[in-house]
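Here's the structure, in structure tokens; my notes come after.
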Amino acid sequence: MTLLAKENDQGSLLRKRENKLEEANKEITEINEKTEDNCDNQLENEDINKNKQLVNRKWSLCSFTELPSWLQDNEYITFGHRPPIPCVKTCFQSIFRIHAETGNIWTHLVGCILFIGITVYFTYSQYVKIPDSKETWVFLAFFAGAILYLGFSTIFHTLYCHSQNVSKLFSKLDYCGISLLIMGSFVPWVYFGFYCHFVPKVLYLVMVCTLGISTMCVSLIDKFSTPTWRPFRAGVFMTFGLSAVFPALHYGFQEGWFNHISQKNLGWLVLMGVLYIAGALLYALRVPERWYPGKFDFWFHSHQIFHVFVVAAALVHFHGVTELATHRLSLGACDPPGLIKM
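First residue of the sequence shown: 1, per full-length UniProt numbering; consecutive thereafter.
Structure follows, in structure tokens:
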């Protein structure tokens, strides 16, 4: 009996020791978890404080070589760049300071406001007398494309220095906006150019929508926005824009090349195309800053000239399609459905 009692006592002592060890381990685990949480919180607070100090500190312009790799886009603009500014408010406040992106921001900000005003005026002033109010959507497609593109571009250039992820996001929206502008520009020209020719009108509208969506899909590729892909970007959008040659040739054969009205309508289209292509070429070749590095850091570098040409081309196109629509609507209704031309 004494042996059994001793064994029972030893067993109970072992169980007590095991229980104490388990309790001690639990306490140690809890202490470690609290310590880790405190460390994590401390690190997070330090990061937040560093960001706040960076944002609150008055930022200064820096050179191209001082920029992180994701902000290095054009080595011929040697100075005047904003450093990374991880604060949306501060980025928008930078609109009112002089730096390498100031011209890029304001050229399209003014253009965006201008087209919003044109849209309101066109809608309520009957600038073009359209008998069927439903046909105003044709012009609204163009206005929407222009406003979205100019708006996306303004926001992109404003938030370009915020962070790498934000820069990537808005660069994709910027490129998608270019596709929307080209698509929207096609709509009124094709609609009124082939007003009584249903089949080619639908075919060309489907063509431009297909090309536009394809271009936007390509724009979503991460590499598409990198500096090394600059010539490819320009080539993609130039090719998309030059697809207007097909409906333009069709229109010329349809209406006659030496018709005064045809020459006038095609003339505005050609002028728009020249402005777009010239701007895209300057952008791709980075002229004039390539020839004189450091001389065009703030004003008149290729990206700014490209922006001005885009706004000018959009205004030229607006004038051209309003003249085309006015002329076509002055001719009256189309032939009866059975006589509609192909």
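Glycine residues also receive a C-beta, built at the ideal position from the N, C-alpha and C atoms.
Can you check whether the CB of residue j is closer than 7 Å to the CB of residue i?
| i | j | result |
| --- | --- | --- |
| Gly145 | Leu180 | yes |
| Tyr160 | Ser153 | no |
| Val187 | Ala244 | no |
| Thr158 | Phe79 | no |
| Leu205 | Val190 | yes |
| Met272 | Val316 | yes |
| residue 358 | Ala234 | No information on residue 358 is available, as it lies outside the stretch 1 to 342 that the chain covers here. |
| Ser264 | Ser219 | Correcting the residue identity first, residue 264 is Lys in this sequence and not Ser. It is not a contact, given that the beta carbons lie outside the stated cut-off. |
| Pro84 | Trp59 | no |
| Ala100 | Asp297 | yes |
Among the candidates the options, whose CA atom is the shortest distance from the CA of residue i?
| i | options | result |
| --- | --- | --- |
| Ile305 | Leu61, Thr107, Lys129, Trp268 | Thr107 |
| Arg328 | Ala313, Ile261, Ala314 | Ile261 |
| Gly111 | Val311, Leu242, Glu323, Ala100 | Val311 |
| Phe81 | Phe64, Ser69, Ala280, Ala234 | The amino acid occupying residue 81 in the given sequence is His; Phe does not appear at that position. With distances taken between Cα atoms, His81 lies closest to Phe64. |
| Trp137 | His162, Ile95, Ser185 | Ser185 |
| Thr239 | Gly151, Ile277, Asp174 | Ile277 |
| Cys176 | Trp268, Ile147, Phe139, Cys217 | Cys217 |
| Gly320 | Ala333, Val270, Glu255, Val308 | Val270 |
| Ile178 | Val287, Ile147, Phe198 | Ile147 |
| Gly252 | Gly241, Leu266, Lys89 | Leu266 |
| Asn104 | Glu323, Val308, Leu324, Thr326 | Val308 |
| Lys89 | Gly332, Gly256, Leu249, His162 | His162 |
| Gln254 | Phe237, Cys196, Leu61 | Cys196 |
| Tyr149 | Phe139, Asp174, Glu135, Gln126 | Asp174 |
| Phe201 | Thr228, Ala248, Phe237, Trp229 | One detail in the question is off: residue 201 reads as Lys in this sequence, not Phe. It is Ala248. |
| Val199 | Val287, His250, Leu285 | His250 |
| Gly151 | Leu275, Ile116, Phe237 | Ile116 |
Could you tell me the alpha carbon to alpha carbon distance between residue i and residue j, rounded to whole angstroms?
| i | j | result |
| --- | --- | --- |
| Thr226 | Phe246 | 31 Å |
| Asp73 | Thr119 | 34 Å |
| Lys52 | Leu169 | With a pLDDT of 47 at Lys52, under the threshold of 50, the modelled position of that residue is not reliable, and the figure given next carries that caveat. Roughly 23 Å separates the two Cα atoms. |
| Pro231 | Ser330 | 44 Å |
| Gly193 | Phe143 | 18 Å |
| Ser133 | Ser94 | 42 Å |
| Gly294 | Asn165 | 28 Å |
| Asn259 | Leu281 | 32 Å |
| Leu54 | His303 | Any reading at Leu54 is ruled out, since the residue's pLDDT is 46, under 50, leaving its predicted position unreliable. |
| Thr322 | Phe122 | 10 Å |
| Ser69 | Pro86 | 16 Å |
| Ala325 | Ile221 | 38 Å |
| Ile182 | Phe96 | 30 Å |
| Glu75 | Ser214 | 31 Å |
| Glu66 | Gly279 | 29 Å |
| Gly332 | Leu242 | 31 Å |
| Leu61 | Trp291 | 23 Å |
| Thr228 | Val287 | 16 Å |
| Trp257 | Phe318 | 22 Å |
| Leu285 | His301 | 11 Å |
| Phe139 | Phe224 | 30 Å |
| Tyr127 | Glu135 | 13 Å |
| Leu211 | Trp268 | 23 Å |
| residue 407 | Val236 | No answer is possible for residue 407: it lies beyond the span of the chain, which begins at 1 and ends at 342. |
| Met275 | Pro131 | It should be pointed out that residue 275 corresponds to Leu in this sequence rather than to Met. One C-alpha to the other measures close to 32 Å. |
| Leu109 | Lys129 | 29 Å |
| Trp299 | Tyr124 | 37 Å |
| Ile155 | Leu71 | 16 Å |
From which residue to which residue does the alpha helix (DSSP H) around residue i run?
| i | result |
| --- | --- |
| Gly332 | From DSSP, Gly332 is part of no alpha helix (DSSP H); its letter is neither H nor E. |
| Phe79 | Counting along the chain, Phe79 falls outside any alpha helix (DSSP H), though it belongs to the beta strand (DSSP E) covering 79-81. |
| Asp174 | 164-193 |
| Pro248 | The sequence given here has Ala at residue 248, not Pro. From DSSP, the alpha helix (DSSP H) with Ala248 extends over 245-255. |
| Leu67 | Run containing Leu67: none; DSSP gives neither H nor E here. |
| Gly273 | 260-285 |
| Ile98 | Element bounds for Ile98: n/a, residue is neither H nor E. |
| Ile155 | 136-159 |
| Pro293 | It is not in any alpha helix (DSSP H) - Pro293 carries neither H nor E in the DSSP assignment. |
| Lys201 | 198-219 |
| Pro84 | Careful: Pro84 lies outside any alpha helix (DSSP H) and carries neither H nor E. |
| Thr239 | 230-242 |
Please check if any C-beta of chain C sits within less than 7 Å of the C-beta of residue i.
| i | result |
| --- | --- |
| Ile221 | Chain labels in this structure do not include chain C; a single protein chain is all it has. |
Verify the contact flag: residue i, CB atom, against every heavy atom of the ligand ZN, threshold strictly below 6 Å.
| i | result |
| --- | --- |
| Glu255 | Absence of the ligand ZN from the depicted structure is noted, as is the absence of any ligand whatsoever, leaving it without description. |
Am I right that residue i and residue j are in contact with their C-beta atoms under 8 Å? What's the rounded C-beta distance?
| i | j | result |
| --- | --- | --- |
| Ile98 | Glu289 | With 8 Å as the limit, Ile98 and Glu289 do not qualify as a contact, their Cβ atoms being about 17 Å apart. |
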